[in-house]
Every structure is written in structure tokens, then in C-alpha cells.
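Participant: Please see the structure below; I have some questions.
There are 2 protein chains.
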Amino acid sequence: MSLIDTEVMRGLSTQGALSQEDKALLLGLELSPRYMSASEVLWQESEDADLFCVVKEGWAYSYRNLKNGSKQILKFYLPGDIIGIRDFGFTRRLASAAMINKGVICPFSYQQLFELFGRSSLAAGIVATATRQQAQLSERLIYLGKYAAHEQLAHFLYEIYLRLKRINAVRDNSFFMPLTQELISDALGMSPVHVSRTFSMLREEGLVIRNRQHVKLPDPEALARLVEFNDSYIDEFLPPSFSELLKASP
Amino acid sequence: MSLIDTEVMRGLSTQGALSQEDKALLLGLELSPRYMSASEVLWQESEDADLFCVVKEGWAYSYRNLKNGSKQILKFYLPGDIIGIRDFGFTRRLASAAMINKGVICPFSYQQLFELFGRSSLAAGIVATATRQQAQLSERLIYLGKYAAHEQLAHFLYEIYLRLKRINAVRDNSFFMPLTQELISDALGMSPVHVSRTFSMLREEGLVIRNRQHVKLPDPEALARLVEFNDSYIDEFLPPSFSELLKASP
DNA sequence: TTACCAACCTAACATAGGTTATGAATTACC
DNA sequence: GGTAATTCATAACCTATGTTAGGTTGGTAA
Numbered sequence: 001m002s003l004i005d006t007e008v009m010r011g012l013s014t015q016g017a018l019s020q021e022d023k024a025l026l027l028g029l030e031l032s033p034r035y036m037s038a039s040e041v042l043w044q045e046s047e048d049a050d051l052f053c054v055v056k057e058g059w060a061y062s063y064r065n066l067k068n069g070s071k072q073i074l075k076f077y078l079p080g081d082i083i084g085i086r087d088f089g090f091t092r093r094l095a096s097a098a099m100i101n102k103g104v105i106c107p108f109s110y111q112q113l114f115e116l117f118g119r120s121s122l123a124a125g126i127v128a129t130a131t132r133q134q135a136q137l138s139e140r141l142i143y144l145g146k147y148a149a150h151e152q153l154a155h156f157l158y159e160i161y162l163r164l165k166r167i168n169a170v171r172d173n174s175f176f177m178p179l180t181q182e183l184i185s186d187a188l189g190m191s192p193v194h195v196s197r198t199f200s201m202l203r204e205e206g207l208v209i210r211n212r213q214h215v216k217l218p219d220p221e222a223l224a225r226l227v228e229f230n231d232s233y234i235d236e237f238l239p240p241s242f243s244e245l246l247k248a249s250p
Numbered sequence: 251m252s253l254i255d256t257e258v259m260r261g262l263s264t265q266g267a268l269s270q271e272d273k274a275l276l277l278g279l280e281l282s283p284r285y286m287s288a289s290e291v292l293w294q295e296s297e298d299a300d301l302f303c304v305v306k307e308g309w310a311y312s313y314r315n316l317k318n319g320s321k322q323i324l325k326f327y328l329p330g331d332i333i334g335i336r337d338f339g340f341t342r343r344l345a346s347a348a349m350i351n352k353g354v355i356c357p358f359s360y361q362q363l364f365e366l367f368g369r370s371s372l373a374a375g376i377v378a379t380a381t382r383q384q385a386q387l388s389e390r391l392i393y394l395g396k397y398a399a400h401e402q403l404a405h406f407l408y409e410i411y412l413r414l415k416r417i418n419a420v421r422d423n424s425f426f427m428p429l430t431q432e433l434i435s436d437a438l439g440m441s442p443v444h445v446s447r448t449f450s451m452l453r454e455e456g457l458v459i460r461n462r463q464h465v466k467l468p469d470p471e472a473l474a475r476l477v478e479f480n481d482s483y484i485d486e487f488l489p490p491s492f493s494e495l496l497k498a499s500p
């Protein structure tokens, strides 16, 4: 069983348009398979990310450990699935990964993937963008799953705050946010009434001052501590391999 | 303000490695900006997907309308963000998108993006894979946000069922699933006890028969109806532009 | 000014799901 | 084979959040 049988190849092959050259290229990427035991860890959150894997046998999953001791599973991987492509575009793993039962995985290095992209650094950039958006989505998934309403809202506001700061739209810890509580409720999956209640709570604790579309976070760091915010998914630099590639391009 | 100021460019520019040629290429992609009013819809779910947009002014958001009349917001987009890249790799929109307040957006066609990828159909394949994974994640997000436990579990099981069917691992509506209820609870964000309760419920309704790692769905379609399953995100063919590109490659 | 409407707040009540606990069934390990 | 450790089922109780409802505020238009 080779990469030909994986998800990518299935996608490409259904169109009957994969050249022999491409197939050879892909097979060239294939490193030696690894035999994994049940529960064996593929990688841990925040380790260096330099490869992805095709799951050949067995089931695996990716997950994040939460501060309260529990964990949120992001995805289960079945035979033929690719695991680890999510971190392509980041220097470090955003989530841990482990086997469920015993199986076989086949690793591929990101470096080789970069080379596939050839001279177009733009392609890599687009991929990085898509990847980042996915990372933000994962972050939200985690908060929806396991946190209380006030933690969700705090996380949400702090994320908006960081994203606005990047584009210089924050002045004196205040910013413009054209969202109604109803919109926020649709985003966080809670009722509008509870959004209001939760804002009141945060206000009483002096964490958020809100007047219609004007929001002030008197102590952003306190908010961040409340939610144990991990901002690497918002603002990370490109990994070294990216910049190497970019500098090499004419 | 041009694409240079967007997320992609920020990422690439921080490394100081974007060639004049690349910049010119990007600027060439830029179509004429569109002035949008508040609440104006960019596109609706399941429309043809053929472009993405850079939000230049104003806020926007992507969302899915749910069967119960409410909606789940997937993401808010601030000035400088790219909206619609999520659907790259699909023929149709997976979510709707609309403005929040008035603003300006700048559309780019997918077709041009494909051409950027140049001759490497593999690059496009990798992107498509990453995109699909993101789509599955979004689907989960929606279920975490707005649905009751039995709907979440039904959706989860039906998704596993479909993914296993693709790789021929389903026999007589039965399949092997090496997950404990605890793992499932970590994935769905509910307590293990409630997973058990919910399995009991589904069993009593004759929808799911489960014996340890052996699962049978006597009537998969009934399950699918229960959750109004949209399987386009699992099993979609590549869009026409992809196959054109692939056939054109030597 | 007046009327109207959307956004928001707060309260009272209902309920889905969390928590804790106990026992039964399976599986893993000596 | 026997013992321990998982996994699962079910029950009793509790709490966070949903629901319904009524009132306040602020903006907008006639």
C-alpha cells in the first residue's frame, strides 16, 4: 500500500489525470513506514513540526490538553487519512497526536512538500493562510466544547482584540466592534440572553467595559490569563523552511 | 490599499522575501473593488464557488443556516482578512457570507489562483486535502454549537460510517470502531456519562446497535435524516478548474 | 416633540446535561 | 483460572444555560 491509496491520490485519481511523473514524485517522498503501538504518541503540542503522516493501518486522533485536565479531540484519523498537514505553515505543532489502536504510519517531510510547490512562494503563502484560518477554527472548537460561557466570551473578545491590534485598530485598549449580542450568540453557540448575562458578569469583574459598539479591555492580560490564551495561532512567523524557500526564489 | 496589505502579504513580507515579480503577479490578480452595504450577502451556501475576497473595509462573517431556523457563525472577518479561501478545492460554497457593516471588498478568482500553482498539480491536491479537513472541522463546530447530544452523536457516527464506507470498511451496515465512550466524549465535548445515556437513547429508537467496538447502523438513512447530513464536505469531486489544470499538465 | 424600533438588561422558571456514585460486564494480566 | 483494571449502564442529584417575558435605553424618523 503506497501513498497512491491516500486521500490526496484518491482525489486526484478520480479525475484520471495524475501523470506518471507526479506519481513518481510522490512515491519518492515516501519514507519508511513506522509500526505504532496502541496509544503511542506521534507528537506533542508545541513540538517542532517538520513532517506529516499517512495513516496506513489503525486509527489515530489529534487533541489538545486543556488546563482543567481534560482534553478536546479535534479529529479522528482513519486508514488512508493524512495527519499533521494542519501544522503545515507553522513552526510548531498546534495539537498533539496519538494512535488509538496499533497500526502503521508513513511519514513525509514538510521540506519535500515545500519543494513540490516549486518556485511559487505564493502558493505556499496561500496554503499558510488557509492553515491559519483552520487553526483559529480549531481554537474556537475547543472553547465551544469544554469551557463555560464566561471563558468562551473572554476568549472571543481577546482574540478580536489581538486581531485588531495587528491592524492598528486598538487605541488605549479600546476598539470598535460592530457586533450585536445576537451575532455573538450565533458565533458562540449560546442564547442572546446568556451573552448579555455574561457581559454583565465580566463588567462586574472589571474585565470588559462595553458601550454598544465600543469595547474597552481595561486589563487585557487579565482576560488572557482567565482563558490561558495561546496566541501562536494568530501571529506566528513563517517557519524557517518557508523563509529558506522564499529567499532561494529568484 | 492593495493586496500587499493583506494577511498573506503580511506573512510573506515579515520575512522580507517577496520578489517584485511575485508582487506584480499578485497585483495583477486584483479585480475592481466592490462597495458593500451593511448586511449585504457576498454569497450563499451551495452557490458556485469561483472567487475569494479580501476585506478592505468593514467587518464580514461566514455562517451556516441551521434547520431549526438559527444559524452558526463560523468566523468573523476584519479588514485585511481573506474570506472564501475555505472553499478553494470545492465546487460549491460550504457556508454563506455577508457583511456586518458597510465596507469594501476586493474579489480574486480561483482560476487565477490555480494558475499560480503552476504545473504542480500536487500542490493543488495538498491544498484541497487541507481544505477538506477544515471543512470537516467546521461541520463539527456547527454540531457542537447548536445541536442536542443525540443529534451530535448521530452526526458523529454517520460521518464515521461514510468515511469508512469510502475505504470499504463497512459490511452489512456494520463496522469496527476502536473508540471508547470516553474518547467520544472528549471529541463531542460532553461527559462520558451522557455519551452512554445518548447511546442508550439511540439504541431504544433502533438507530444504533453497539457492542463494544462493533457498531451497526440498521438504517443509516434514518440517522442521516435525523441530522440533516450534508455529505458534500466528505466526498466531493474536485472542481472543474482542478481537472482542467490536471489534464493540461504534461 | 412624539412615536417607534432595535438593542439590551434582568428576572423567573424550565431543562439538558454535568457530577458523583454504584454495580455489572468485558478485557487484560498474572 | 483468578484477580485487577477498563468500560459501560443506570440512578439521584445539581447547576449552567435556555426560554419566556417585561422593562429600559438610545437612536431615528415623522
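Which chain is which? The protein sequence lines are A and B, in order. In terms of my numbering, the first sequence opens at residue 1 and continues consecutively. In terms of my numbering, the second sequence opens at residue 251 and continues consecutively. Ideal Cβ positions, reconstructed from N, Cα and C, are used throughout, including at glycine. Please read all numbers here as calculations on a predicted model, not as lab measurements.
1) Less than 9 Å between the beta carbons of residue 349 (chain B) and residue 309 (chain B), yes or no?
2) Taking residue 437 (chain B) as the query, report the chain A residues whose CB atoms sit under 9 Å from its CB, ordered along the chain.
3) Just the chain A side, please: which residues come within less than 7 Å of residue 351 (chain B) by C-beta, in chain order?
4) Check whether chain A comes within 9 Å of residue 383 (chain B), counting only Cβ atoms and requiring the distance to be less than that.
5) Could you tell me whether the Cβ atoms of residue 141 (chain A) and residue 72 (chain A) are closer together than 9 Å?
6) Buried or exposed for residue 41 (chain A), please, with buried defined as at least 16 other CB atoms from any protein chain shown within 10 angstroms of its CB.
7) Which residues in the same chain as residue 354 (chain B) place their Cβ atom closer than 6 Å to its Cβ, once the five residues preceding and following it in sequence are excluded?
8) Using C-beta distances below 7 Å, list every residue in its chain close to residue 425 (chain B), excluding the 5 sequence neighbours before and after it, in chain order.
9) Based on the DSSP output, what are the partners of residue 353 (chain B) in its beta bridges?
10) Output, in chain order, the set of chain B residues within a Cβ distance shorter than 7 Å of residue 80 (chain A).
11) Checking contacts by CB at 9 Å: is residue 465 (chain B) closer than that to chain A?
12) Excluding the 5 residues preceding and the 5 following residue 153 (chain A) in the sequence, name in chain order all residues of the same chain whose CB lies nearer than 6 Å to its CB.
13) To the nearest angstrom, how far is it from the Cα of residue 356 (chain B) to the Cα of residue 443 (chain B)?
14) Assign residue 48 (chain A) to one of three DSSP states: helix, strand, or coil.
15) Using a cut-off of 7 Å between C-beta atoms, extract the partners of residue 140 (chain A) located in chain B.
16) Can the beta-carbon of residue 113 (chain A) be found closer than 9 Å to that of residue 88 (chain A)?
17) Quick check: residue 146 (chain A) and residue 70 (chain A), are their CB atoms within less than 9 Å of each other?
18) State the CB to CB distance for the pair residue 202 (chain A) and residue 222 (chain A), rounded to an integer number of angstroms; the pair is presumed to be in contact (CB under 8 Å).
19) State buried or exposed for residue 500 (chain B), treating a residue as buried only when at least 16 other CB atoms are found within 10 Å of its CB.
20) By how many angstroms is the C-alpha of residue 62 (chain A) removed from the C-alpha of residue 37 (chain A)?
21) Smallest Cα separation from residue 436 (chain B): which of B:289, B:408, B:394?
22) In or out: residue 233 (chain B) buried (at least 16 other Cβ within 10 Å) or exposed?
23) For a contact defined as C-beta to C-beta under 8 Å, what are the partners of residue 136 (chain A) on chain B?
24) Residue range of the alpha helix (DSSP H) that residue 475 (chain B) falls in?
25) What residues in its chain sit with their C-beta under 7 Å from that of residue 224 (chain A), if we drop five residues either side in the sequence?
26) Tell me whether the beta-carbon of residue 64 (chain A) lies closer than 9 Å to the beta-carbon of residue 96 (chain A).
27) Is the beta carbon of residue 336 (chain B) closer than 9 Å to that of residue 298 (chain B)?
28) Identify, in the order they occur along the chain, each residue of the same chain with its Cβ nearer than 7 Å to the Cβ of residue 173 (chain A), setting aside the five sequence neighbours on each side.
29) Which chain B residues are close to residue 105 (chain A), counting only those with a beta carbon under 9 Å from its beta carbon?
30) List the residues of chain A that residue 414 (chain B) touches, going by C-beta distances under 7 Å, in chain order.
31) Since residue 452 (chain B) meets chain A, which of its residues come closer than 7 Å, beta carbon to beta carbon?
32) Please list the terminal residues of the continuous alpha helix (DSSP H) segment that includes residue 434 (chain B).
33) What distance in whole Å lies between the Cβ atoms of residue 438 (chain B) and residue 479 (chain B), which are believed to be in contact at a cut-off of 8 Å?
34) With 16 other CB atoms within 10 Å as the buried threshold, where does residue 361 (chain B) fall?
35) From this set, B:416, B:400, B:365, which residue's C-alpha is nearest residue 445 (chain B)'s C-alpha?
36) Residue 78 (chain A): which of B:417, B:384, B:432 sits nearest, CA to CA?
Facilitator: Reading from the atomic positions:
1) The count along the second sequence starts at 1 and reaches residue 349 (chain B) at position 99. The count along the second sequence starts at 1 and reaches residue 309 (chain B) at position 59. Contact flag set, yes.
2) Numbered from 1 along the second sequence, position 187 holds the residue referred to as residue 437 (chain B). Within chain A, the residues near residue 437 (chain B) are 61, 63, 72, 73, 74, 75, 76, 145.
3) On the second sequence, position 101 is the one that residue 351 (chain B) refers to. What residue 351 (chain B) touches in chain A: 178.
4) For the purposes of this step, residue 383 (chain B) is taken as the residue at position 133 of the second sequence. Yes, contact with chain A.
5) The residue given as residue 141 (chain A) occupies position 141 in the first sequence. The residue given as residue 72 (chain A) occupies position 72 in the first sequence. Yes; because the gap between Cβ atoms is below 9 Å, this pair is in contact.
6) For the purposes of this step, residue 41 (chain A) is taken as the residue at position 41 of the first sequence. Looking at its Cβ environment, which holds fewer than 16 other Cβ atoms inside 10 Å, residue 41 (chain A) is exposed.
7) Position 104 of the second sequence, counting from 1, holds the residue named residue 354 (chain B). Closer than 6 Å at Cβ, skipping near neighbours: 283, 285, 306, 307.
8) Numbered from its first residue, the second sequence carries residue 425 (chain B) at position 175. Contacts found: 411, 414, 419, 465.
9) Against the second sequence, residue 353 (chain B) aligns to sequence position 103. DSSP, once it has assigned bridges, lists B:286 as partnering residue 353 (chain B).
10) As a working note, residue 80 (chain A) is residue 80 in the first sequence. Here the neighbours are 417.
11) Reading the second sequence from its first residue, position 215 is the one you call residue 465 (chain B). It does not; no Cβ of chain A falls within 9 Å.
12) Within the first sequence, residue 153 (chain A) is the residue found at index 153, counting from 1. Contacts found: 198.
13) In the second sequence, residue 356 (chain B) corresponds to position 106, counting from 1. In the second sequence, residue 443 (chain B) corresponds to position 193, counting from 1. The straight-line gap from Cα to Cα measures roughly 49 Å.
14) Within the first sequence, the letter at position 48 stands for residue 48 (chain A). Residue 48 (chain A) falls in the strand class under three-state DSSP.
15) Numbered from 1 along the first sequence, position 140 holds the residue referred to as residue 140 (chain A). Those within 7 Å of residue 140 (chain A) in chain B are 391.
16) Counting from one through the first sequence, the residue named residue 113 (chain A) turns up at place 113. Counting from one through the first sequence, the residue named residue 88 (chain A) turns up at place 88. It is a contact, given that the beta carbons lie within the stated cut-off.
17) Here the question's residue 146 (chain A) lines up with position 146 in the first sequence. Here the question's residue 70 (chain A) lines up with position 70 in the first sequence. The answer is yes: Cβ separation under 9 Å.
18) To locate residue 202 (chain A), count along the first sequence from 1; it is residue 202. To locate residue 222 (chain A), count along the first sequence from 1; it is residue 222. The Cβ separation is near 10 Å, so there is no contact.
19) One-based indexing of the second sequence puts residue 500 (chain B) at position 250. With a pLDDT of only 28 at residue 500 (chain B), under the threshold of 50, the placement of this residue in the model should not be trusted; the figure read from the coordinates follows. That one is exposed.
20) On the first sequence, position 37 is the one that residue 37 (chain A) refers to. On the first sequence, position 62 is the one that residue 62 (chain A) refers to. If I take the Cα positions, the gap works out to 16 Å.
21) If you number the second sequence from 1, residue 436 (chain B) lands on position 186. With distances taken between Cα atoms, residue 436 (chain B) lies closest to B:394.
22) The first residue shown for chain B is 251 and the last is 500, placing residue 233 (chain B) beyond what the model contains.
23) By 1-based counting over the first sequence, the position of residue 136 (chain A) is 136. Within 8 Å Cβ-Cβ: 325.
24) In the second sequence, residue 475 (chain B) corresponds to position 225, counting from 1. Start and end: 470-477.
25) As a first step, residue 224 (chain A) is located in the first sequence; it is residue number 224 there, counting from the start. Around residue 224 (chain A): 158.
26) Indexing the first sequence from 1 puts residue 64 (chain A) at position 64. Indexing the first sequence from 1 puts residue 96 (chain A) at position 96. Contact flag set, yes.
27) Position 48 of the second sequence, counting from 1, holds the residue named residue 298 (chain B). Position 86 of the second sequence, counting from 1, holds the residue named residue 336 (chain B). No, Cβ-Cβ distance for residue 298 (chain B) and residue 336 (chain B) is not below 9 Å.
28) As a working note, residue 173 (chain A) is residue 173 in the first sequence. Cβ neighbours of residue 173 (chain A) beyond the five flanking positions: 216, 217, 218, 220.
29) Reading the first sequence from its first residue, position 105 is the one you call residue 105 (chain A). Going along chain B, no residue has its Cβ under 9 Å from residue 105 (chain A), so there is no contact; the nearest lies around 15 Å.
30) On the second sequence, position 164 is the one that residue 414 (chain B) refers to. Residues of chain A passing the Cβ test: 78.
31) Stepping through the second sequence from its first residue, residue 452 (chain B) is reached at position 202. Near residue 452 (chain B) there are no residues of chain A at all, since even the closest Cβ is about 19 Å away, more than 7 Å.
32) Taking the first residue of the second sequence as 1, we reach residue 434 (chain B) at position 184. Here the alpha helix (DSSP H) through residue 434 (chain B) covers 431-438.
33) Here the question's residue 479 (chain B) lines up with position 229 in the second sequence. Here the question's residue 438 (chain B) lines up with position 188 in the second sequence. In fact, because the Cβ distance is near 16 Å, the residues do not count as touching under 8 Å.
34) Working through the second sequence from its first residue, we reach residue 361 (chain B) at position 111. Residue 361 (chain B) comes out exposed.
35) Here residue 445 (chain B) refers to the residue found at position 195 of the second sequence. Looking at the Cα atoms, B:400 is the closest of the given residues.
36) Counting from one through the first sequence, the residue named residue 78 (chain A) turns up at place 78. Here the closest residue by C-alpha is B:417.
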